[in-house]
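Note that this note's numbering has the sequence shown beginning at 39, numbered continuously upward. Every residue gets a Cβ at the ideal spot worked out from N, C-alpha and C, and that includes glycine. Small disclaimer: the values here were computed from a predicted structure and weren't measured.
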Amino acid sequence: MAGTEISPEIRKQIMLFQRTEITEYNIYQRLARRMEGKNREVLERISLDEKRHAGVWRRYT
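Here you go:
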């Protein structure tokens, strides 16, 4: 979105999306630490997906 202005309302919404993704990353990380084996691996992968999603939103803020 280089050169494109984002309205304050849209920016606020994007910040909320980003914050939600970071929260979900932390939740999945905590759950993963309590698990073992395959369940732990799956939760860790999900957490990394959430972290990546937050990074996508960060590009717009």
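1. Please state the DSSP three-state secondary structure of I44.
2. Whose C-beta lies closer than 7 angstroms to the C-beta of R49 among residues of the same chain, with five residues either side of it excluded?
3. Thinking E59 and W95 are a contact (beta carbons under 8 angstroms), I'd like their distance in whole angstroms, please.
4. Using only alpha-carbon positions, find the residue among Q56, I84 and G93 that is nearest to L69.
5. Going by beta-carbon coordinates alone, are A101 and Q51 separated by less than 8 angstroms?
Straight from the coordinates:
1. In this structure, I44 counts as coil in the three-state DSSP scheme.
2. Cβ neighbours of R49 beyond the five flanking positions: T99.
3. Their Cβ separation, rounded to whole angstroms, is 6 angstroms, which keeps E59 and W95 in contact under 8 angstroms.
4. Looking at Q56, I84 and G93, the one whose alpha-carbon comes closest to that of L69 is I84.
5. No information on residue 101 is available, as it lies outside the stretch 39 to 99 that the chain covers here.
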